[in-house]
Amino acid sequence: MRSLHAAGLVDHLVLVIHPITLGCGARLFEGPAPLTRFALVRSVATPSGLVIAHYDRRG
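For the sequence shown, the residue numbers in the numbering used here are 2 to 60.
See the structure below:
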C-alpha cells in the first residue's frame, strides 16, 4: 500500500475505523509521500460502532 500511494497509484481508499485508541502499532502511511487529496463518497456506521468510509481521489 505504501509504495502504491507513493507512486500515485491509489484512486480509492476504504478505511474501517474502530472506536479505540492504541499507543503503539504499525503506521499505515510513514515517511515522505506525495500530498493526495481524497473526497468522502460514502460512509456507513455499523451496529458495533465501526465506521466504513469510502474515499475517491480528487482530480
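Using N, Cα and C, we set each Cβ at its ideal position, and we do this for glycine too.
Original post:
Can you tell me whether DSSP reads A7 as helix, strand or coil?
Top reply: Residue mapping note: residue 7 aligns to position 6 of the sequence shown, counting from 1. In the three-state DSSP reduction, A7 falls in the helix class (H, G or I).
Subject >> Supposed contact pair P33 and G9 - C-beta distance, whole angstroms, cut 8 Å >> reply: On the sequence shown, residue 9 is found 8 positions in, with the first residue counted as 1. On the sequence shown, residue 33 is found 32 positions in, with the first residue counted as 1. The beta carbons of G9 and P33 sit about 13 Å from each other, so the pair does not count as a contact at 8 Å.
Original post:
Excluding sequence positions up to five away, which residues of its chain have a Cβ less than 6 Å from the Cβ of G50?
Top reply: Position 49 of the sequence shown holds residue 50. Spatial neighbours of G50 in its own chain (CB-CB distance under 6 Å, excluding positions within 5 residues in sequence) are listed in chain order as P20.
Original post:
Sorted by chain position, which residues of the same chain lie with C-beta nearer than 8 Å to C25's C-beta, five sequence neighbours on each side aside?
Top reply: The residue given as residue 25 occupies position 24 in the sequence shown. Same-chain partners within the cutoff: there are none.
**OP:** Kindly list the residues whose CB is nearer than 7 Å to the CB of L5, restricted to its own chain and excluding five residues on each side of it in sequence; keep chain order.
**Re:** On the sequence shown, position 4 is the one that residue 5 refers to. Only V11 meet the Cβ criterion.
Original post:
Identify the residues that DSSP records as bridge partners of D12: which are they?
Top reply: The residue given as residue 12 occupies position 11 in the sequence shown. Paired residue(s): none; D12 is not in a bridge.
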